[in-house]
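S.K.: These protein sequences, in sequence, are chains A, B and C. Residues are numbered in this note's numbering as their position in the first sequence, beginning at 1, plus a constant of 21. Residues are numbered in this note's numbering as their position in the second sequence, beginning at 1, plus a constant of 3. Residues are numbered in this note's numbering as their position in the third sequence, beginning at 1, plus a constant of 1. Note that CB positions come from ideal geometry on N, CA and C, so glycine has one too. The structure displayed is predicted, hence computed values, not measured ones.
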Amino acid sequence: MGTWTWFHRFGSPPWVYGFAARWAPWFGGAAVACMLIALYGGLVLAPPDYQQKDAFRIVYVHAPVATMSMAVYATMALAAAVGLIWRMKVAHAAAAASAPIGAWFTVATLATGMLWGKPMWGAYWVWDPRLTSELVLLFLYFGYMGLRAGIEDPQKADKASAMLAIVGAVNIPIIKYSVNWWNSLHQPATRLIGEADMVWSMVWPLLLMLAAFFLYFAWILLIRLRAELLRRERNASWIREVVA
Amino acid sequence: MSEFFAMSGYGRYVWPAFAIGFGIVVLIYITAVSSLAAAKQDAKRRLEMNR
Amino acid sequence: MKTRPLEAARLVMLRDLRLAFRKPSQLLQPLMFFMIVATLFPLTLTPELSRLRDAAPGVLWVGALLSSLLALEFLFRDDAQDGTLEQFALSGQSLTWMLFAKTCVHWLLTGLPLALSAPVAAVGLGVPAQAMWSVVASLALGGFALSLIGAISAGLTLGARRGGVLLSLLTLPLAVPILVFGADATQRAITGGEIAPPMYLLGAIAVLGVTLAPLAAAAAVRIGLE
Numbered sequence: 022m023g024t025w026t027w028f029h030r031f032g033s034p035p036w037v038y039g040f041a042a043r044w045a046p047w048f049g050g051a052a053v054a055c056m057l058i059a060l061y062g063g064l065v066l067a068p069p070d071y072q073q074k075d076a077f078r079i080v081y082v083h084a085p086v087a088t089m090s091m092a093v094y095a096t097m098a099l100a101a102a103v104g105l106i107w108r109m110k111v112a113h114a115a116a117a118a119s120a121p122i123g124a125w126f127t128v129a130t131l132a133t134g135m136l137w138g139k140p141m142w143g144a145y146w147v148w149d150p151r152l153t154s155e156l157v158l159l160f161l162y163f164g165y166m167g168l169r170a171g172i173e174d175p176q177k178a179d180k181a182s183a184m185l186a187i188v189g190a191v192n193i194p195i196i197k198y199s200v201n202w203w204n205s206l207h208q209p210a211t212r213l214i215g216e217a218d219m220v221w222s223m224v225w226p227l228l229l230m231l232a233a234f235f236l237y238f239a240w241i242l243l244i245r246l247r248a249e250l251l252r253r254e255r256n257a258s259w260i261r262e263v264v265a
Numbered sequence: 004m005s006e007f008f009a010m011s012g013y014g015r016y017v018w019p020a021f022a023i024g025f026g027i028v029v030l031i032y033i034t035a036v037s038s039l040a041a042a043k044q045d046a047k048r049r050l051e052m053n054r
Numbered sequence: 002m003k004t005r006p007l008e009a010a011r012l013v014m015l016r017d018l019r020l021a022f023r024k025p026s027q028l029l030q031p032l033m034f035f036m037i038v039a040t041l042f043p044l045t046l047t048p049e050l051s052r053l054r055d056a057a058p059g060v061l062w063v064g065a066l067l068s069s070l071l072a073l074e075f076l077f078r079d080d081a082q083d084g085t086l087e088q089f090a091l092s093g094q095s096l097t098w099m100l101f102a103k104t105c106v107h108w109l110l111t112g113l114p115l116a117l118s119a120p121v122a123a124v125g126l127g128v129p130a131q132a133m134w135s136v137v138a139s140l141a142l143g144g145f146a147l148s149l150i151g152a153i154s155a156g157l158t159l160g161a162r163r164g165g166v167l168l169s170l171l172t173l174p175l176a177v178p179i180l181v182f183g184a185d186a187t188q189r190a191i192t193g194g195e196i197a198p199p200m201y202l203l204g205a206i207a208v209l210g211v212t213l214a215p216l217a218a219a220a221a222v223r224i225g226l227e
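#1: Could you pull out every residue in the same chain whose Cβ sits closer than 6 Å to the Cβ of A52 (chain A), ignoring the five residues on either side in sequence?
#2: How is D83 (chain C) classed by DSSP in three states: helix, strand or coil?
#3: Please list the residues of the stretch 100-134 of chain A that have a C-beta atom closer than 8 Å to any C-beta atom in chain B, keeping them in chain order.
#4: Determine, using beta carbons only, whether F8 (chain B) comes closer than 7 Å to chain A.
#5: Can you tell me which of the three DSSP states D149 (chain A) falls into?
#6: Can you tell me which of C:P58, C:L29, C:I37 and C:T40 puts its alpha carbon nearest to the alpha carbon of V137 (chain C)?
#7: Can you list the residues of chain A that A220 (chain C) reaches, using a CB-CB cut of under 8 Å?
#8: Residues of chain B with CB under 9 Å from P69 (chain A), in chain order?
#9: Using 8 Å as the cut-off, can you tell me whether the stretch 32-46 of chain B makes contact with the stretch 67-76 of chain C, which would need three or more C-beta pairs spanning the two stretches below that distance?
#10: Taking all protein chains shown into account, do 16 or more other C-beta atoms lie within 10 angstroms of the C-beta of K197 (chain A), making it buried, or fewer, making it exposed?
#11: So with CB distances below 7 Å, who are the chain A contacts of R54 (chain C)?
#12: Nearest CA to the CA of Q30 (chain C): which residue from C:A161, C:L115 and C:V60?
#13: Using 8 Å for Cβ pairs, my map puts L159 (chain C) next to G84 (chain C). What's the rounded Cβ distance?
#14: Would you check if the stretch 106-125 of chain A and the stretch 163-177 of chain A touch, i.e. whether three or more CB-CB distances between them fall below 8 Å?
#15: Is the CB of S38 (chain B) under 7 Å away from at least one CB in chain A?
#16: Out of C:P129, C:L147, C:A122 and C:S154, point me to the one whose CA is closest to I37 (chain C)'s CA.
#17: Is there contact here, the stretch 82-91 of chain A with the stretch 128-139 of chain A, by at least three beta-carbon pairs under 8 Å?
#18: I want to verify the contact list: residues of chain B whose CB lies under 9 Å from the CB of Y237 (chain A), in sequence order.
#19: Measuring only between beta-carbons, confirm whether A22 (chain B) sits less than 7 Å from chain A.
#20: Check this for me: beta carbons of A41 (chain A) and G104 (chain A), under 7 Å apart or not?
#21: Leaving out the 5 sequence neighbours to the left and right, which residues in its chain are closer than 6 Å to S95 (chain C) when beta-carbon positions are compared?
#22: Is the CB of L216 (chain C) under 7 Å away from at least one CB in chain A?
#23: For L152 (chain A), return the contacting residues in chain C, with the cut-off set at a CB-CB distance below 7 Å.
#24: Mark L250 (chain A) as exposed unless 16 or more other C-beta atoms lie within 10 angstroms of its C-beta, in which case mark it buried.
#25: Using three-state DSSP, classify D174 (chain A) as helix, strand or coil.
#26: Using DSSP with H/G/I as helix, E/B as strand and the rest coil, what is K139 (chain A)?
#27: Helix, strand or coil: which one does DSSP assign to K24 (chain C)?
#28: May I have the straight-line CA-CA distance separating Q27 (chain C) from A102 (chain C), to the nearest angstrom?
#29: V60 (chain C) and L142 (chain C) look like a contact to me (Cβ under 8 Å); what is the Cβ gap, rounded to whole Å?
#30: Alpha carbons only, please: which of A:W47, A:P194, A:T24 and A:L227 is nearest the one belonging to I296 (chain A)?
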């Protein structure tokens, strides 16, 4: 069985539905297990940081959600591109399913970033490059979801929002570059977050937590994807077997 | 134990951060599962109607 | 029969310009909007020119962005409604070039006049005389880039309900780099610094926009017209 067979399978909504139903729990279980272990490692086992003391532990929730906010966007844009190029309904469904997840991760990044910023920089919000870029990313997510909601015809909505996701993806590096440029002009106070020396006992919980969040995203995507497919394929015959 | 909760004085930032962060994680799960349940319900209804 | 794309573009440009000049009062609206916005800031901040000078780059660029967004709504709307856009798409001529022509007209009628009249607003914001040239240049270049990006969102929101608000919502995050570099150029001009770096970056964005934006806009319009 070559890659082409797999490709065809992923183009078939009923097959993907079955795949998602079967594998989701495994991703979920693995994600939760990794999260719990990483949480223990980060909150209990890791020593406090020299400069930030225990405040640095916020990294164990902030870094994963920040990474995911970007990773989900990349997934969304990739799925959208696949959907446009190969006209795969499932790909468009995956893009649609990913968007709310990514938006939530972005909100979480901003909230945890603010809670980290207050003890470190003295203010809940600072216009530092990373937080500012995250805020713009949130606006991009809202734009994507808004465009989808604003177009009635589902196929048009798929294609238009796919274009938007791709244009956004091209723009994100440019936006980040411009925000870094803007920020460096105004000589902000030295940022203490993240660049501190980390020993292995601090690093492994972070790596594990990152892996846990990727597994978690896969889990949630497989759930939301099923919901999308059910909604899109309303009158298809395979739905009968699934729901009965 | 109380040291653990105090987090060398940063407790009032660390714990809310984890609460919000993982709270959102739980929220994402809940919304996902309920959207799947709603979609299944909807599909079932439509099948009944078209029978 | 396929005319050369440049020829089709030229014809579309002439047509759009002719149509626009039939309603000259409408041409002034984005300009008026810009002036009003530029007036609101002193009214809500302070009459002191020295303090306004600090805010001047922001006021000028946000004002320029908002006026550009207002005018963008009409980039494709009339033509979409009366079926002209569909004719363009079906004509067998290069939709990309035709939309590029429309984008250029949008800039010629909005971004460029705005840039040229910006000194009037800038004087009211405490911008020194020697900075005016750079203010005009940066707003002209940035305005062109804004029109290009805006054409993409205008195409995407063609078929959407409440397309106007959505168009702004889509364009604003994408316009961040233009605003950052443009405002930096203006700021440097005011303080007498070297404006070349941000201008080059603005130029780079404009070049990237010219190459990619009309293509994306054409694809978006085709999706919207299906």
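M.R.: Judging by the given coordinates:
#1: As a working mapping, residue 52 (chain A) is identified with position 31 in the first sequence. So the list reads A233, L236, Y237 and W240, once near-sequence residues are dropped.
#2: Along the third sequence, one-based indexing puts residue 83 (chain C) at 82. It is coil, neither helix nor strand.
#3: P121, I122, W125, F126, V128, A129, A132 and T133
#4: Along the second sequence, one-based indexing puts residue 8 (chain B) at 5. Output row for F8 (chain B): interface = no.
#5: Stepping through the first sequence from its first residue, residue 149 (chain A) is reached at position 128. Note: D149 (chain A) maps to coil in three-state DSSP.
#6: As a position in the third sequence, residue 137 (chain C) is number 136, starting the count at 1. Out of C:P58, C:L29, C:I37 and C:T40, C:P58 has the C-alpha closest to the C-alpha of V137 (chain C).
#7: Here residue 220 (chain C) refers to the residue found at position 219 of the third sequence. Residues of chain A passing the Cβ test: M184.
#8: As a position in the first sequence, residue 69 (chain A) is number 48, starting the count at 1. In chain order: M10 and S11.
#9: no
#10: Counting from 1 along the first sequence, the entry for residue 197 (chain A) is found at position 176. K197 (chain A) comes out buried.
#11: Numbered from its first residue, the third sequence carries residue 54 (chain C) at position 53. Here the premise fails: no neighbours, minimum Cβ distance about 16 Å.
#12: The residue labelled residue 30 (chain C) in the question sits at position 29 within the third sequence. Ranking C:A161, C:L115 and C:V60 by Cα distance to Q30 (chain C) puts C:L115 first.
#13: For the purposes of this step, residue 159 (chain C) is taken as the residue at position 158 of the third sequence. For the purposes of this step, residue 84 (chain C) is taken as the residue at position 83 of the third sequence. Wrong, their Cβ atoms sit about 13 Å apart, outside the cutoff.
#14: yes
#15: Translated into the one-based positions of the second sequence, residue 38 (chain B) becomes position 35. It does: the Cβ of S38 (chain B) has a partner Cβ on chain A nearer than 7 Å.
#16: Taking the third sequence and counting its residues from 1, one reaches residue 37 (chain C) at position 36. Nearest C-alpha to I37 (chain C): C:A122.
#17: yes
#18: Along the first sequence, read from residue 1 onward, the residue named residue 237 (chain A) stands at position 216. Near Y237 (chain A) (Cβ distances below 9 Å), the residues of chain B are V28, I31 and Y32.
#19: Within the second sequence, residue 22 (chain B) is the residue found at index 19, counting from 1. False, the Cβ-Cβ gap to chain A never drops below 7 Å.
#20: Position 20 of the first sequence, counted from the start, is the residue given in the question as residue 41 (chain A). Position 83 of the first sequence, counted from the start, is the residue given in the question as residue 104 (chain A). Cβ atoms of A41 (chain A) and G104 (chain A): not closer than 7 Å.
#21: Position 94 of the third sequence, counting from 1, holds the residue named residue 95 (chain C). P6.
#22: In the third sequence, the residue the question calls residue 216 (chain C) occupies position 215. Taking Cβ atoms only, chain A never reaches closer than 7 Å to L216 (chain C), which makes this a no.
#23: The residue given as residue 152 (chain A) occupies position 131 in the first sequence. Within 7 Å Cβ-Cβ: nothing; L152 (chain A) doesn't reach chain C, min ~14 Å.
#24: Mapped onto the first sequence, residue 250 (chain A) falls at position 229. Per the 10 Å Cβ criterion, buried.
#25: Walking along the first sequence from the start, residue 174 (chain A) turns up at place 153. The answer is coil: DSSP assigns D174 (chain A) none of H, G, I, E or B.
#26: Within the first sequence, residue 139 (chain A) is the residue found at index 118, counting from 1. Note: K139 (chain A) maps to helix in three-state DSSP.
#27: On the third sequence, position 23 is the one that residue 24 (chain C) refers to. Reduced to three states, the DSSP call for K24 (chain C) is coil.
#28: Numbered from its first residue, the third sequence carries residue 27 (chain C) at position 26. Numbered from its first residue, the third sequence carries residue 102 (chain C) at position 101. For Q27 (chain C) and A102 (chain C), the distance between alpha carbons rounds to 20 Å.
#29: In the third sequence, counting from the first residue as 1, residue 60 (chain C) sits at position 59. In the third sequence, counting from the first residue as 1, residue 142 (chain C) sits at position 141. Not quite, the Cβ-Cβ distance comes to about 18 Å (not below 8 Å), so this is no contact.
#30: Outside the shown range of chain A (22 to 265) lies residue 296 (chain A), about which nothing can therefore be said.
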